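Residue numbers (our numbering), protein chains in the order written: chain A, 1 to 164; chain B, 165 to 328; chain C, 329 to 492; chain D, 493 to 656; chain E, 657 to 820; chain F, 821 to 984.
There are 6 protein chains.
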Amino acid sequence: MEFTHFDEEGRARMVNVGEKPDTERVAVARGFIEMKPETLKMIVEGRAKKGDVLAVSQVAGIMAAKETSRIIPMCHNIFLTGVDVKFQIYEDKSAIGVEARVTTVGKTGVEMEALTAVSVACLTIYDMCKAVDRGMVIKDICLMEKSGGKSGEYIRNENVFVKY
Amino acid sequence: MEFTHFDEEGRARMVNVGEKPDTERVAVARGFIEMKPETLKMIVEGRAKKGDVLAVSQVAGIMAAKETSRIIPMCHNIFLTGVDVKFQIYEDKSAIGVEARVTTVGKTGVEMEALTAVSVACLTIYDMCKAVDRGMVIKDICLMEKSGGKSGEYIRNENVFVKY
Amino acid sequence: MEFTHFDEEGRARMVNVGEKPDTERVAVARGFIEMKPETLKMIVEGRAKKGDVLAVSQVAGIMAAKETSRIIPMCHNIFLTGVDVKFQIYEDKSAIGVEARVTTVGKTGVEMEALTAVSVACLTIYDMCKAVDRGMVIKDICLMEKSGGKSGEYIRNENVFVKY
Amino acid sequence: MEFTHFDEEGRARMVNVGEKPDTERVAVARGFIEMKPETLKMIVEGRAKKGDVLAVSQVAGIMAAKETSRIIPMCHNIFLTGVDVKFQIYEDKSAIGVEARVTTVGKTGVEMEALTAVSVACLTIYDMCKAVDRGMVIKDICLMEKSGGKSGEYIRNENVFVKY
Amino acid sequence: MEFTHFDEEGRARMVNVGEKPDTERVAVARGFIEMKPETLKMIVEGRAKKGDVLAVSQVAGIMAAKETSRIIPMCHNIFLTGVDVKFQIYEDKSAIGVEARVTTVGKTGVEMEALTAVSVACLTIYDMCKAVDRGMVIKDICLMEKSGGKSGEYIRNENVFVKY
Amino acid sequence: MEFTHFDEEGRARMVNVGEKPDTERVAVARGFIEMKPETLKMIVEGRAKKGDVLAVSQVAGIMAAKETSRIIPMCHNIFLTGVDVKFQIYEDKSAIGVEARVTTVGKTGVEMEALTAVSVACLTIYDMCKAVDRGMVIKDICLMEKSGGKSGEYIRNENVFVKY
Numbered sequence: 001m002e003f004t005h006f007d008e009e010g011r012a013r014m015v016n017v018g019e020k021p022d023t024e025r026v027a028v029a030r031g032f033i034e035m036k037p038e039t040l041k042m043i044v045e046g047r048a049k050k051g052d053v054l055a056v057s058q059v060a061g062i063m064a065a066k067e068t069s070r071i072i073p074m075c076h077n078i079f080l081t082g083v084d085v086k087f088q089i090y091e092d093k094s095a096i097g098v099e100a101r102v103t104t105v106g107k108t109g110v111e112m113e114a115l116t117a118v119s120v121a122c123l124t125i126y127d128m129c130k131a132v133d134r135g136m137v138i139k140d141i142c143l144m145e146k147s148g149g150k151s152g153e154y155i156r157n158e159n160v161f162v163k164y
Numbered sequence: 165m166e167f168t169h170f171d172e173e174g175r176a177r178m179v180n181v182g183e184k185p186d187t188e189r190v191a192v193a194r195g196f197i198e199m200k201p202e203t204l205k206m207i208v209e210g211r212a213k214k215g216d217v218l219a220v221s222q223v224a225g226i227m228a229a230k231e232t233s234r235i236i237p238m239c240h241n242i243f244l245t246g247v248d249v250k251f252q253i254y255e256d257k258s259a260i261g262v263e264a265r266v267t268t269v270g271k272t273g274v275e276m277e278a279l280t281a282v283s284v285a286c287l288t289i290y291d292m293c294k295a296v297d298r299g300m301v302i303k304d305i306c307l308m309e310k311s312g313g314k315s316g317e318y319i320r321n322e323n324v325f326v327k328y
Numbered sequence: 329m330e331f332t333h334f335d336e337e338g339r340a341r342m343v344n345v346g347e348k349p350d351t352e353r354v355a356v357a358r359g360f361i362e363m364k365p366e367t368l369k370m371i372v373e374g375r376a377k378k379g380d381v382l383a384v385s386q387v388a389g390i391m392a393a394k395e396t397s398r399i400i401p402m403c404h405n406i407f408l409t410g411v412d413v414k415f416q417i418y419e420d421k422s423a424i425g426v427e428a429r430v431t432t433v434g435k436t437g438v439e440m441e442a443l444t445a446v447s448v449a450c451l452t453i454y455d456m457c458k459a460v461d462r463g464m465v466i467k468d469i470c471l472m473e474k475s476g477g478k479s480g481e482y483i484r485n486e487n488v489f490v491k492y
Numbered sequence: 493m494e495f496t497h498f499d500e501e502g503r504a505r506m507v508n509v510g511e512k513p514d515t516e517r518v519a520v521a522r523g524f525i526e527m528k529p530e531t532l533k534m535i536v537e538g539r540a541k542k543g544d545v546l547a548v549s550q551v552a553g554i555m556a557a558k559e560t561s562r563i564i565p566m567c568h569n570i571f572l573t574g575v576d577v578k579f580q581i582y583e584d585k586s587a588i589g590v591e592a593r594v595t596t597v598g599k600t601g602v603e604m605e606a607l608t609a610v611s612v613a614c615l616t617i618y619d620m621c622k623a624v625d626r627g628m629v630i631k632d633i634c635l636m637e638k639s640g641g642k643s644g645e646y647i648r649n650e651n652v653f654v655k656y
Numbered sequence: 657m658e659f660t661h662f663d664e665e666g667r668a669r670m671v672n673v674g675e676k677p678d679t680e681r682v683a684v685a686r687g688f689i690e691m692k693p694e695t696l697k698m699i700v701e702g703r704a705k706k707g708d709v710l711a712v713s714q715v716a717g718i719m720a721a722k723e724t725s726r727i728i729p730m731c732h733n734i735f736l737t738g739v740d741v742k743f744q745i746y747e748d749k750s751a752i753g754v755e756a757r758v759t760t761v762g763k764t765g766v767e768m769e770a771l772t773a774v775s776v777a778c779l780t781i782y783d784m785c786k787a788v789d790r791g792m793v794i795k796d797i798c799l800m801e802k803s804g805g806k807s808g809e810y811i812r813n814e815n816v817f818v819k820y
Numbered sequence: 821m822e823f824t825h826f827d828e829e830g831r832a833r834m835v836n837v838g839e840k841p842d843t844e845r846v847a848v849a850r851g852f853i854e855m856k857p858e859t860l861k862m863i864v865e866g867r868a869k870k871g872d873v874l875a876v877s878q879v880a881g882i883m884a885a886k887e888t889s890r891i892i893p894m895c896h897n898i899f900l901t902g903v904d905v906k907f908q909i910y911e912d913k914s915a916i917g918v919e920a921r922v923t924t925v926g927k928t929g930v931e932m933e934a935l936t937a938v939s940v941a942c943l944t945i946y947d948m949c950k951a952v953d954r955g956m957v958i959k960d961i962c963l964m965e966k967s968g969g970k971s972g973e974y975i976r977n978e979n980v981f982v983k984y
């Protein structure tokens, strides 16, 4: 088992994918941001009245997916065919769940694009709400599933790592 | 209590900080990435021999701090006076801790810059190791402390939110 | 009267503003996008129900203001203290008006930042609606007022140029 | 008739184009910038002698076409096969016309790339000349024609919208 | 013989490559940075002990290859399948050699990507060491070989230009 | 003597300059691109007739100066007060000399900005002419002088390194 991102001298490289075929690929990532109950309430109620935190977060997540190869050093710059960012409100846990689904037709997977979209969507929620709640915590960002490519399908066995 | 990032019509805006004085500001953020013990071992042993995952992650984190205002929609573009990204190995938890310390002299805080540096450093570790461990989880990214500016000092009361 | 953006050999340059004092500066720009009445109706009604075109446009405008020096070759890269993008619905003209107000404390004006924010906000409305209305027209983007700096205050005499 | 850029919950998304075939696509956009006659004269005469405003504007337009997916939130990042930006002097109207022609072979159209190139070329002319003419107005940016893709050919019926 | 980057009016353009077939392409570029012997010694010895200058330089070179179309105005934005940056220590010449190998499957060559990677890797070495050696010189950046595409194979006849 | 860009653990960092005073700073860098005599002739004659290679190169150099902190990992993002890029034709050496002069008022020097502007201007000349001359060589990019800041004035002793 070896890291593919290093050459024989231990220098990082952007792995050559030139011989991989173009296939349809999908990746879904997920994460959470935990906050005070009153912050969550402000976000939920604000959508209609005061200003839509999640609308800004979601635009940020989509734009970040497209920027992934510029943010993550060894990521290939690829054409994304679609990006979806969705939110779920967890009132019991006082948290918002963020899920990003990214698709491409190409030579590399889009796991990093999905994970980056989730991370940036969470960071943007933090930014929009930090004046009222500095203690928010971004939690459990992980890959939920992927398909396409040589490494085949991956579906997270939820129980192994994430104890949310 | 109100979100400052929205105007009276509920439209987002970049808050006007023109009347704030220039002060020295510091922010420290922290996060973790959990992985299989064998992945952690490969990272730790690799530094000397096979390739330095954390060196790449750290460069990515520093560069991301400088990109924050382009990634987070309502963040001000500011001059950073310093960025430090450090790692800690937690063998018992099979995780790597990432801490970013960002400083500026200016009109706005640098919490988002520190949180973005941590997030991107974690994402880069994921990217470098994903071929051997797709199940890694990024956890508990949060602000540890900040100082400077009108809202004054913040020090996380560790026990409230993060149950790591 | 001379263009300041060229040197004595006729080569463009980024004008040296090192000796200018830091002053408070404001610029307000405005523009319109004309469309079919049914497109305008869809945007206005959509805000509550189907999806908020103007929320996306407005985030794009704010982010573009921060990117101005990377888009416009001879623009200085400056710290913006605030950016506001507002919309007005003109049912009689079947158009949406976009106004951007940008502020800074620095050595150069922010006219280009305000004009870029308006342009990109209009382009984003076009993008979001083009599947239903390819004929939309972006019109009459101009500076409405500016203050601060050596060239002093500017207030558009509405009647001279724009015949909207 | 619906906006395709929103999902069933009214959240924006980058539309999935994964099933669209790769076809040759062309888009042509056009716009104008109106100015004082003496400003126009300075630009026209300057090309040979003092400095070439339009050369800078044109580089800016081409570079902006390539940046479109980073400026317009829901635009796909695509490979452009060609970008051409041309100018026409209208002495009677004291204006410069800008036309951008963008081509690709891919899954999405390039209307936004052509419109962005025109907008940024106009903004750059404004920037280069603003020291002598703050009242310039950017006018009538619109799509002139497109071909390729499922929605087929579009040719503007000049008389409907633009009354230039 | 003509420059292809200009149209019949002498305006620059991004050449249309839409009719070119997708082929495998490789480009290798090389350059050097000359420095004081003690600076070279610090870099070589530092890798293990004090901090790895070349690790940072190499990440910068890889990221720059991906940014080429945003840095070089008339370059097409293309998908790179692989980027490798390697270093060689020349103790006799008190210099570090940098070689970048870039691959793609596409319609345009990757010479500019390889040359940009080498340039930025050299600039980064300069930046990391400038506090101890301001006199470093970046030398002899050139294309060593390319293959693929209509213009076919190129292999530098070392003796013609570079007298290093 | 130590590299300041590494911390005690050998990890790179963006050096903290928060305690440095804001001073006026200037840096001048220079480089060359050597080419076939007929290529040089095409560039020189083209300016008036066929298309201005150096106009594009110069815009690219100025824009690159502003992008330096995004290209060079440990560079601070700073406000530049002015950027000038000039060319000199050396017919005897069949080369073009590029000189960049960058100024700021701030806490860090602008050597990297000047060196990056020169590098990118040279790369752009290569790009514009590569269809007729693949053998061009970029040579002897170095700092000519700097002033301002604690490290004081630097003036290159031309004879030591560059043997052009």
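Note that the Cβ used here is the ideal one computed from N, Cα and C, for glycine as well.
Computed from a predicted structure; not experimentally measured.
Beta-carbon contacts of residue i that lie in its chain and below 6 Å, excluding the five residues immediately before and after
| i | result |
| --- | --- |
| Ser639(D) | Val518, Glu645 |
| Gln908(F) | Gly917 |
| Lys528(D) | Asp625 |
| Arg686(E) | Glu755, Met800 |
Distance between beta carbons of residue j and residue i, contact taken as under 8 Å
| i | j | result |
| --- | --- | --- |
| Met136(A) | Ile33(A) | 6 Å |
| Glu933(F) | Leu860(F) | The pair is not a contact, with the Cβ atoms about 27 Å apart (cut-off 8 Å). |
| Arg921(F) | Asp904(F) | 4 Å |
| Val345(C) | Thr452(C) | About 31 Å separates the two Cβ atoms, so there is no contact after all. |
| Gly246(B) | Asp186(B) | That belief does not hold up - the Cβ atoms of Gly246(B) and Asp186(B) are roughly 16 Å apart, past 8 Å. |
For residue i, the three-state DSSP class (helix, strand or coil)
| i | result |
| --- | --- |
| Asp291(B) | helix |
| Val448(C) | helix |
| Arg30(A) | strand |
| Ser803(E) | strand |
| Thr515(D) | strand |
| Asp796(E) | strand |
| Phe3(A) | coil |
| Val160(A) | Residue confidence is low: Val160(A) scores 46 on pLDDT, short of 50, so the model does not pin down where it sits. No coordinate-derived value is stated. |
Contacts around residue i, its chain only, beta-carbon distance under 8 Å, and the 5 residues preceding and following it disregarded
| i | result |
| --- | --- |
| Asp872(F) | Gly866 |
| Tyr984(F) | The pLDDT assigned to Tyr984(F) is 38, lower than 50, so where the model puts this residue is not dependable; a value taken from the coordinates is nonetheless given after this. So the list reads Phe852, Lys913, Lys959, Asp960, once near-sequence residues are dropped. |
| Leu900(F) | Ala885, Lys886, Val922, Thr923, Thr924, Val930, Glu933 |
| Thr332(C) | Val343 |
| Tyr946(F) | Ile853, Met956, Ile958 |
| Asp663(E) | Arg669 |
Contacts around residue i, its chain only, beta-carbon distance under 7 Å, and the 5 residues preceding and following it disregarded
| i | result |
| --- | --- |
| Cys286(B) | Gly195, Ile197, Val262, Ile302 |
In chain order, each alpha helix (DSSP H) run of at least 4 residues that lies wholly inside the segment 364 to 446 of chain C: Counting whole runs of 4 or more residues, the segment 364 to 446 of chain C contains the alpha helix (DSSP H) stretches 365 to 374, 381 to 399.
Any 3 or more C-beta pairs closer than 8 Å across the segment 57 to 65 of chain A and the segment 707 to 721 of chain E: Contact fails: fewer than three Cβ-Cβ distances are below 8 Å.
Contact between the segment 12 to 20 of chain A and the segment 66 to 75 of chain A (3+ Cβ pairs under 8 Å): Touching, per the Cβ criterion.
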